[in-house]
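The next block holds one structure in the form of structure tokens; read it before the comments.
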Amino acid sequence: MKFLISAIFFILLTFCSSSCTERNRYVIGVSQCSVDEWRDKMNMEMQNEAALSQKIDLIILSSNDDTEKQIADIKYLIDQKVDLLILTPNEIAPMTPLIEEIYESGIPVILVDRKIDSDKFSAFIGADNYQIGAEVGRYAVILLNGKGNIVEIKGLTGSSPAIERHRGFYDVLQQYPEMNIVFEGDAGWFRDEGGVQMRKALSAHDKIDLVFVHNDRMAKGAYEEATKVNRAKDIYFIGIDGLPGPGEGIDMVLDNKLEATFLYPTGGDKTIQLATDILEKRYFRKENILATSVIDKTNAKILKLQTDQIVEQQNKILLLNQRINKQLERYVAQRNIMYLISVLAILFCILLIGLFRAYHIKKKLNNRLHESNLEIIKQKNELETNQLQLLALSKQLEEATHAKLAFFTDVSHDFRTPLTLISGPIDVLLETTEPQNENYKWLKIIKKNVEVLLRLVNQIIEFRRIETYNVKLNLTSNDIDDCLKDWNLLFLQLTQKNKIRFHYKTDDSYFTFMFDLEKMERIYFNLLSNAFKFTEKGGNIYVGLSKIIEDEQDFIQITISNTGNGLSDDDINNIFERFYRVESHVTGSGIGLALVKALVELHGGSIAAVSKNNLTTFIVKIPYIKPQESVNKVEDRIVSYEIFLHDKDFEIDDSGFDNETDDKYTMLIVDDNEEIRFYIRSIFRNKYHIIEASDGEEGLHLAYENNIDIIISDVMMPKIDGVELCTKIKEDIRVCHIPIVLLTACSLDEQRIKGFESGADAYISKPFNPQILEVRIQKMLENRQKIRKSLTENAFFQNQNVLNISRLDDELILKFRNYVLERISDTNLNVEDISSEFGFSRAQFYRKMKAITNQGPNEFIRTIRLNRSIEILKSGKTVSEVAYEVGFTSPSYFTKCFKEFFHKNPSEIY
Ligand code: FRU
């Protein structure tokens, strides 16, 4: 940009300087006193010279012999700020002060032809008028031989040439006493006035020999006047100026009108040269006298020729000058155009350079932008990396928290097993101990504390379940007021023991709404237990129940307050965090309030703690769901497992249960805990053959090797865990029929689901009631038996769905059935071939078929043949035809078997 400005400035300066040079030409003002041929010639000479010099502008004014007008002209020229003034003062006296003033003001003044009465001017140029006057006198003396009457017609009396010419003339004539000036008259340089003065002289003097007229113009008038009276031929007329041109001085000599004229040089060119010298501070003379000479018959002709030529040359020069001027004008115009084009070209270049620079700057900026973009991207990536690190850190933290929780859960599970081992035997002992017995009391205490411990352990497990989103609400319609009143009773003993005043207050609302009773109980017990724990002896506990509206929604609000030390702000902010423990409260696991919060939030509610004036208050808000509203869909889903695991278990139906079986079932117990195995064995040992395995791998091996009817397995085990064991068994055709009960401390829903996904037939959590477990196992085996029975009775099933056993078993049975049907007339169907065809050893296949159908393979082949025979019999074929067709070797054996199986004769089927 800077470059652009300086370039424009440079162009303007160049343009301006050339224009300024034009304007700095010298302006010269010229003030002429008269308008006549002599002055015209002088003006022309000045103009030509100025044109030649090419640096002078002339302003020429003429005052028509009027002194007043000339003064005005001069002032005008000064106003025009001329650099130099050239003037011919009309009269001496009135002009002198003005010229002095101008000269003193610093403007150079050149006097031409006429003088003033002062030397305050720059230079004078012109002929010596005294000299001319004297020359005329001497010429007259010669003409008249020193004797005669002379008339003198003078120029303007006040002008210097008139005065000096007269003096020169007079001074010469003085020397000749017979040369008499008989008449003197002032004709003011005018032709007509010359005539007037001549008339006067003629009338005054009869004899006039010579007339000296101060210029040719006035001489013309005088001659004409003399001619009029026919006296011209007797008189010599002598004039001054000697101008070339028609009718002018030289012509008048040649025409014999003048005896002679004296050259009075105009010197216009020399005046301009002098002016230039002055203006350009060159050396110049103050007095510049131009030469003069006489023109008479002797030289007039030559002079005329010469002057005519000069005039012609001058005219040509003038023409040339005009042309040059035109060329100059054209040149100036072209130069200006060239300047303009140059300016435009330069501007265009500048523009191009500007564009180029702009492009480069843009490119640079783009590069910088690109770089900064890269930097930003780098920073963004760093930020993202940081974010990822932070995320990873928070994930790690979260994982650590989960791990912590998982650890607590695992520990809780670990607690559960021994607790189960304590609780179970105690139940047995309590059953077998008389209440009067001393030990009964101890057993009761142990039982009670085991329950407390189990409750704590369950609480941790419950929280874990909520954390892993495995808990759903079981909404039922209840009156919360009634519930709170019931639960309050349980704390009565504590109020008495600790002398705590307990206040319970409700408003008049209707408190029946949908909520999870069990979870609400957990919430309330936790909060109230907390309140009791931290209330000092003699303190107060306030429980309030009300119905409130917030954001146009109804809530049930329970407030539980207790007096005591209160909580700090820090405690209030963190009290619901997992594992947060209030400093002043040293007891507790730090999970109770987090569990309460989780349970409240599960209801869509909120919980807050406030501590003020030593009163700590927990405010629970649970959304009010009207009792008539349909129960949350989730409830149905939840109950499915519950019903399966509990409801059915508790509704013990003994009707079909056969205790008297001779053939004992074989039970495989898989658990890494020897005590648990012992405990389970003690439950079942009387009614089952027991095989034990200490891990999943051993369990799987034993399942293959033995004819197992039921497997009870722990979940968490070394090598192969219970779920994997279950999956492996259920995916292996050889053993997939064996029902599996997963029995573990892991009561979490997610593990249950995993267990069922693996194909477990039941999932029973510890601690379990031994009787319930026993009945549950019995029921499962009974169901198996029923399925087997229906299979053998219905061996001719068409639709695999009717089997309703495991998928692999379904497939096996169908495959087996089809295999037999395709070869039904073959009496030699070989079990060994079939079992190897199906990928079993003969023994395995026998066990497998026995387990599924309660029949050996041969027996089951016969069942198929018999079932098929019924269909063929119905088509009208004879018993013997049918017997062979279904692969019996003899119709009598067929009839025997048929009768045994269907309790009918084949002939009865039509
Ligand atoms: C021209 C003129 C000349 C004369 C001169 C004297 O104006 O009258 O004829 O010689 O002036 O100044």
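Residue 293 is where the sequence shown starts when you use my numbering, and the numbers rise one by one after that.
Ideal placement from N, C-alpha and C gives every residue a C-beta, glycine not left out.
Here the structure is a predicted model, which means the values were calculated and not measured.
- When distances are taken from the beta-carbon of residue 447 to the heavy atoms of ligand 1, the shortest one is below 7 Å.
- When secondary structure is reduced to three states using DSSP, residue 317 falls in the coil class, being assigned neither helix nor strand.
- DSSP, read as helix, strand or coil, puts residue 1122 in coil.
- In terms of side-chain proximity, the C-beta atom of residue 532 is found nearer than 7 Å to a non-hydrogen atom of ligand 1.
- In the same chain as residue 836, and ignoring 5 residues on each side of it, the C-beta atoms closer than 6 Å to its own belong to 797 and 851, in chain order.
- In terms of Cβ geometry, residue 497 and residue 454 do not form a close pair [threshold 8 Å].
- The three-state secondary structure of residue 791, taken from DSSP, is coil.
- The beta carbons of residue 1010 and residue 964 sit closer together than 8 Å.
- When distances are taken from the beta-carbon of residue 326 to the heavy atoms of ligand 1, the shortest one is below 7 Å.
- Closest in C-alpha terms to residue 764, from the list 807, 913, 838 and 1012, comes 807.
- Taking all protein chains shown into account, residue 700 has 16 or more neighbouring C-beta atoms within 10 Å of its C-beta and is therefore buried.
- In this structure the region 402-409 does not lie against the region 523-531, because fewer than three pairs of beta carbons, one per stretch, are closer than 8 Å.
- Taking 7 Å as the cut-off, the C-beta of residue 386 does not count as close to any heavy atom of ligand 1.
- In this structure the region 347-361 touches the region 372-387; the number of beta carbon pairs closer than 8 Å is three or more.
- For residue 1057, the uninterrupted beta strand (DSSP E) segment begins and ends at 1054-1057.
- Scanning its chain for C-beta atoms nearer than 8 Å, with the 5 sequence neighbours on each side dropped, one finds around residue 338 the residues 322, 350, 352, 378, 560, 561, 563 and 564, in chain order.
- Residue 617 carries a helical assignment under DSSP once its states are collapsed to helix, strand and coil.
- Contact between the region 852-859 and the region 900-907 is established, with three or more Cβ pairs separated by less than 8 Å.
- Here the alpha carbons of residue 745 and residue 731 stand approximately 21 Å from one another.
- For residue 552, the enclosing beta strand (DSSP E) starts and ends at 552-555.
- Excluding sequence positions up to five before and after residue 890, its CB lies within less than 6 Å of the CB of 758, all in the same chain and listed in chain order.
- Secondary structure of residue 561 (DSSP, three-state): helix.
- In this structure, 787 is the residue among 845, 787, 1123 and 805 with its C-alpha nearest to the C-alpha of residue 833.
- The region 468-479 and the region 425-440 touch, with three or more beta-carbon pairs separated by less than 8 Å.
- Shortest Cα-Cα distance from residue 450 to any of 478, 461 and 588 involves 478.
- For residue 726, the secondary structure class from DSSP, reduced to helix, strand or coil, is coil.
- Here the region 544-560 lies against the region 576-588, with 3 or more beta-carbon pairs under 8 Å apart.
- Contact between residue 992 and residue 1017 is confirmed by a C-beta separation of about 6 Å, below the 8 Å threshold.
- With contacts defined as CB atoms closer than 8 Å, residue 708 and residue 749 qualify as a contacting pair.
- Here the alpha carbons of residue 558 and residue 513 stand approximately 22 Å from one another.
- Where residue 443 is concerned, the enclosing beta strand (DSSP E) starts and stops at 440-446.
- The region 396-420 is shown to contain whole beta strand (DSSP E) runs of 3 or more residues at 401-404 and 415-419, in chain order.
- Measuring C-alpha to C-alpha distances from residue 433 to each of 399, 1149 and 461 identifies 461 as the nearest.
- Per DSSP, the unbroken beta strand (DSSP E) holding residue 842 starts and ends at 832-842.
- Shown here, residue 501 sits in coil according to DSSP, grouped into three states, outside any helix or strand.
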